[in-house]
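Each remark here refers to the structure printed beneath this line.
Chains as they are written, first to last, in this note's numbering: chain B, 1 to 546; chain G, 1001 to 1546.
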């Protein structure tokens, strides 16, 4: 069977555009002789649609759009992810995350998702009931075994500990499926594609069936979908792989002969840069912003964000602002100017000092008798925030924040100051990872000036300040944070590994105490298995300390 | 059976304090002859514990604390909500939301929750598996039928459309329960207590069993728990009612004779004021803040928040700041001073104009050739934000935001400006509700000056500005918003009801477009059935418009 995989980028709720993508993909594939054309999970409504699913008018519009699409099909099959409803038994939401198979002018078969994920960034139980039945469907002399994303993540051979008691893919195999098709919307995090490859390869080999895995691509606010659709033969060999971080379209013949693909993932630095580039570009494109605005401190974080912005939208669409104060080091402007030159972007230089001075003067009376403290430091950062928001408002620029995961974790950032912005581009990267990535960017020539890379990290909010006045060295800090956040290690395990229980305790206390800041933070592009934001939910007010 | 209900206020994760409350309640009730002492749902870990539940060390600490509590019990029973684990079958989370019944020094019986809510503010499927079994427990010649919160919300006689296929309480009745006990943590919204009363009364009457409904009290960030525990006799008569918005402790004798209680709810204004007072007080108490800071604009919203703050923490702990600009009306200071006098609170008066002027001067160069627009308006609001945050940082004040639901819905607020603050006290109240409540406050004497109530609402960010330059009249706006948000009406229904599809479309478009601002807003004290925040989840980037 010739199966076309349409690895496309949808807009959540953009039914008209998403419908057009489905129909034009279908027509092209039909012209090229495909028997079946496959789009990813919930492609028609966009993924994740969140509480839009609770709106009856939205669901009705999706159902209508699906029928209109189906009406245009001929003998070639069209399979896409959509929402279906069934209120027969008056229990539960009555709404399903489904794959609709259309041909000859209508929806001929619907298979709904059986395993409904409800962890990390997934809230699907809020919306969807599990499938009532699992069937294979006879089509052009094959028995199609169709499943949706999570359905294929519960294989007893692969997982020691399983989330769900049933295995829908096994059921499809037992029911005589001759081809397995999984439509998916599985957000990127580094390392996951390789895991998927190994899991799916094992599954195809064990079940001795060809396996088509159709993925979506594109960013939806914080979530980045990386494409990389996969086609395995019945020996578990990967024979076709969709483009990574790009839309793609290709036809796979289950009876064809292909050479086998072994490498599905590039190195960390390359994958992350492409992911963030796509994340930023899609946020801008899908919200209608044309130009990016970044506050340039002279440090490595804002330098990296500027580089990513240039890659995402082009140098002509990136504007940066230097905002020195009396505590800014001499290098901060020179180094920034060198970066601006290297990247070929436009810039402003506006001192904050006169406004800082005037503000402190106005607060002299209420502050009488009080010593200087963190208040005056935050104030500088907040006045920079005012400048940036004024420029964003005046020119319609998309303001990006430049905070990294180490800072966001420990609260080493000023709320309403450097945290101002619509999107946290590198908020899921630890400081040590940022150094690694910048080194990679500079591997052939110096794009990010060495002066920026080599200087000692500092917020420059008081004389001779460095980050390490308040935080442990970044390599130590990041090790602690990674164990706590991504690896979900217990405090005692972290203390054992680090050998310094006091520093571990101090760091984790900072993480817990700064939940209130993160509540008001910009959405963070997610590139790890556990990012701050939607997928990590802690009470703001709580008394637990280990 | 003499049953003591301990309607107490827990701190999420505060195992030591919560344990002490359980033990001291148990001892008091034993002294007073109770046979069984009941604490609410998840009282020991605090509710909702959110992702703390995913931490093994936290669960272990809860299990250990529960065992230590049980070890101190004698012949009287102690029933409380806690977390239990069962990893026997290696499928799912292995974690349960349970009621532990202890006596004679150990946990004798555990009934876990069967119905796991996962809608609105509830995410429990993320953490908890449903109970494997439902049993009654023989204790002191009664058969206790124990259920947990949601378990009792699926009665086929009461609900036309049900969320779940099973009815655990019916199962308890079928198994011969002689007393029904439900431990609960059900967040307040106006009107819900009456609904609970009617539903539970019907259930007790139909099942011909006494019913004990033990509720928690206190606020946990945005969620407010209102107490109001209820004891029904086997005819469905309400015989005892716990205090509302206060901790309470009382003993109910299932064989006793009581007069029947019909009224469980006060009028809207009174309930809301008490709810918000508790919400603010608990936020401050549980985070350790002693004093509240509020920016006073001369308008009705900040006046109401100041009043609530005084009620919550006392006049001596409320500090307000007037921050006039050249656009401030003459009345704004005079009216504020009158309010400050009436409430007996301290204040500062700091003009923003010098800082606004200096900032605009600094931005003259980049803004060259651009006309004045909303940028200059937002700038004023953001400089007020800087003042407020500086005072908050310097003195350790808890800054409250004063935005209302009508503004938050339509984005009629400045991000990083008037949206600065840790808690949105009246963010779940429409402007028209605020007028109603202020009128109620003034029912006996003028506390909030009439000048403040009667002035035309204005942000005072440009000459002669009024809210109605940008928004429809508040009575119309609030009708539209209420239908859209709380009543979940479809757009066509709202248009039919309002008779002006254009204005409806305009308002709902504003609601959809301002998701990005709400993402970065302070937590909002929830008093309606659908508040912005945790219980309402829409994509920030999306293309759906009806």
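For every residue, glycine included, the Cβ atom is placed at its ideal position computed from N, Cα and C.
Determine the burial state of residue i: buried for a count of at least 16 other Cβ atoms within 10 Å of its Cβ, exposed for fewer.
{"i": "residue 520 of chain B", "result": "buried"}
{"i": "residue 272 of chain B", "result": "buried"}
{"i": "residue 1473 of chain G", "result": "exposed"}
{"i": "residue 947 of chain G", "result": "Residue 947 of chain G falls outside the range modelled here, since chain G spans only 1001 to 1546, and no answer is possible."}
{"i": "residue 460 of chain B", "result": "buried"}
{"i": "residue 1307 of chain G", "result": "buried"}
{"i": "residue 1130 of chain G", "result": "buried"}
{"i": "residue 1165 of chain G", "result": "exposed"}
{"i": "residue 1338 of chain G", "result": "buried"}
{"i": "residue 1514 of chain G", "result": "buried"}
{"i": "residue 1117 of chain G", "result": "buried"}
{"i": "residue 1418 of chain G", "result": "buried"}
{"i": "residue 258 of chain B", "result": "exposed"}
{"i": "residue 1087 of chain G", "result": "exposed"}
{"i": "residue 523 of chain B", "result": "buried"}
{"i": "residue 75 of chain B", "result": "exposed"}
{"i": "residue 341 of chain B", "result": "exposed"}
{"i": "residue 9 of chain B", "result": "buried"}
{"i": "residue 482 of chain B", "result": "buried"}
{"i": "residue 1466 of chain G", "result": "exposed"}
{"i": "residue 1463 of chain G", "result": "exposed"}
Roughly how far, in whole angstroms, is the beta-carbon of residue i from the beta-carbon of residue j, given that I think they are within contact range, below 8 Å?
{"i": "residue 1536 of chain G", "j": "residue 1530 of chain G", "result": "6 Å"}
{"i": "residue 211 of chain B", "j": "residue 425 of chain B", "result": "In fact, because the Cβ distance is near 35 Å, the residues do not count as touching under 8 Å."}
{"i": "residue 240 of chain B", "j": "residue 321 of chain B", "result": "In fact, because the Cβ distance is near 46 Å, the residues do not count as touching under 8 Å."}
{"i": "residue 942 of chain G", "j": "residue 416 of chain B", "result": "Beyond the ends of chain G as shown, which are 1001 and 1546, falls residue 942 of chain G; an answer cannot be given."}
{"i": "residue 1315 of chain G", "j": "residue 1344 of chain G", "result": "4 Å"}
{"i": "residue 1367 of chain G", "j": "residue 291 of chain B", "result": "About 16 Å; that fails the 8 Å criterion."}
{"i": "residue 1385 of chain G", "j": "residue 1420 of chain G", "result": "4 Å"}
Since residue i meets chain G, which of its residues come closer than 7 Å, beta carbon to beta carbon?
{"i": "residue 523 of chain B", "result": "1519, 1540"}
{"i": "residue 390 of chain B", "result": "1363, 1375, 1379"}
Taking residue i as the query, report the chain B residues whose CB atoms sit under 8 Å from its CB, ordered along the chain.
{"i": "residue 1350 of chain G", "result": "362, 363, 365, 366"}
{"i": "residue 1536 of chain G", "result": "51"}
{"i": "residue 1385 of chain G", "result": "382, 416"}
Since residue i meets chain B, which of its residues come closer than 7 Å, beta carbon to beta carbon?
{"i": "residue 1420 of chain G", "result": "416"}
{"i": "residue 1370 of chain G", "result": "394"}
{"i": "residue 1516 of chain G", "result": "422"}
{"i": "residue 1286 of chain G", "result": "541"}
{"i": "residue 1162 of chain G", "result": "90, 91"}
{"i": "residue 1283 of chain G", "result": "541"}
Going along chain G, which residues have a C-beta under 9 Å from residue i?
{"i": "residue 158 of chain B", "result": "Here the premise fails: no neighbours, minimum Cβ distance about 14 Å."}
Can you name the residues of chain G whose CB is closer than 8 Å to the CB of residue i?
{"i": "residue 570 of chain B", "result": "Since the first residue of chain B shown is 1 and the last is 546, residue 570 of chain B is not available in this structure."}
Name the chain B residues that come within less than 9 Å of residue i, Cβ to Cβ?
{"i": "residue 1333 of chain G", "result": "By Cβ distance, chain B contributes nothing, its closest Cβ being about 16 Å from residue 1333 of chain G, past 9 Å."}
Next on the checklist: I'd like to know if the stretch 196-211 of chain B and the stretch 227-246 of chain B are in contact, where contact means that at least 3 CB-CB pairs between them fall below 8 Å.
Outcome noted: The stretch 196-211 of chain B vs the stretch 227-246 of chain B: in contact.
Next on the checklist: Three or more C-beta pairs under 8 Å: does that hold for the stretch 104-114 of chain B against the stretch 131-143 of chain B?
Outcome noted: In short, these stretches touch, since the Cβ pair count reaches three.
Next on the checklist: Under 8 Å, with one C-beta from each stretch per pair, do the stretch 211-231 of chain B and the stretch 182-196 of chain B reach the 3-pair mark?
Outcome noted: When Cβ pairs closer than 8 Å are counted between the two stretches, the stretch 211-231 of chain B is seen to touch the stretch 182-196 of chain B, the count reaching three or more.
Checklist entry - Listed from N- to C-terminal order along the chain, which residues in the stretch 1082-1102 of chain G have their beta-carbon within a distance smaller than 7 Å of any beta-carbon of chain B? => result Cβ contacts with chain B: 1090, 1091, 1092.
Item to check | Residues, ordered as in the chain, of the stretch 13-36 of chain B that lie near chain G by beta-carbon distance below 9 Å | outcome: Among the residues of the stretch 13-36 of chain B, those with a Cβ less than 9 Å away from any Cβ of chain G are 13, 14, 15, 16, 17, 18, in the order of the chain.
Checklist entry - According to a CB-to-CB cut-off of less than 7 Å, which residues of the stretch 164-198 of chain B neighbour chain G? => result So the list reads 164, 165, given in the order they occur along the chain.
Checklist entry - Hey, is the stretch 363-382 of chain B in contact with the stretch 1357-1374 of chain G, meaning 3+ C-beta pairs nearer than 8 Å? => result As far as the Cβ criterion goes, the stretch 363-382 of chain B does not touch the stretch 1357-1374 of chain G, which means the pair count is below three.
Item to check | chain G contacts made by the stretch 475-500 of chain B, where a contact means CB separation under 8 Å | outcome: Flagged, chain order: 488, 490, 491, 492.
Checklist entry - Is the stretch 495-508 of chain B touching the stretch 1497-1510 of chain G in the sense that three or more CB pairs, one from each, lie closer than 8 Å? => result A contact is defined here as three or more CB-CB pairs under 8 Å, and the stretch 1497-1510 of chain G fails this definition with respect to the stretch 495-508 of chain B.
Checklist entry - Taking a cut of 9 Å between CB atoms, which residues from the stretch 1212-1241 of chain G lie near chain B? => result When C-beta distances to chain B are compared with 9 Å, the residues of the stretch 1212-1241 of chain G below that value are 1219, 1220, 1221, 1222, in chain order.
Item to check | Proximal residues, the stretch 1106-1125 of chain G versus chain B, C-beta separation under 8 Å | outcome: Here the close residues are 1118, 1119, 1123, 1125.
Checklist entry - Counting pairs of Cβ atoms below 8 Å between the stretch 1288-1304 of chain G and the stretch 1428-1447 of chain G, do you hit three or more? => result The stretch 1288-1304 of chain G is in contact with the stretch 1428-1447 of chain G.
Checklist entry - Three or more C-beta pairs closer than 8 Å, one from the stretch 54-72 of chain B and one from the stretch 1473-1490 of chain G: is that the case here? => result Contact holds: three or more Cβ-Cβ distances are below 8 Å.
Next on the checklist: For the structure I just gave you, are there three or more beta carbon pairs, one from the stretch 1246-1256 of chain G and one from the stretch 1074-1090 of chain G, closer than 8 Å?
Outcome noted: These segments do not touch.
Item to check | Residues of the stretch 1063-1074 of chain G with Cβ closer than 8 Å to any Cβ of chain B, in chain order | outcome: Within the stretch 1063-1074 of chain G, contact with chain B at the beta-carbon level (separation under 8 Å) is assigned to no residue.
Item to check | Touching by the beta-carbon criterion (3+ pairs, under 8 Å), the stretch 1088-1099 of chain G and the stretch 153-164 of chain B | outcome: Result yes; three or more Cβ-Cβ pairs closer than 8 Å.
Item to check | Residues within the stretch 1301-1326 of chain G neighbouring chain B, beta-carbon criterion of under 9 Å | outcome: When CB distances to chain B are screened at a threshold of 9 Å, the residues of the stretch 1301-1326 of chain G falling below it are 1321, in chain order.
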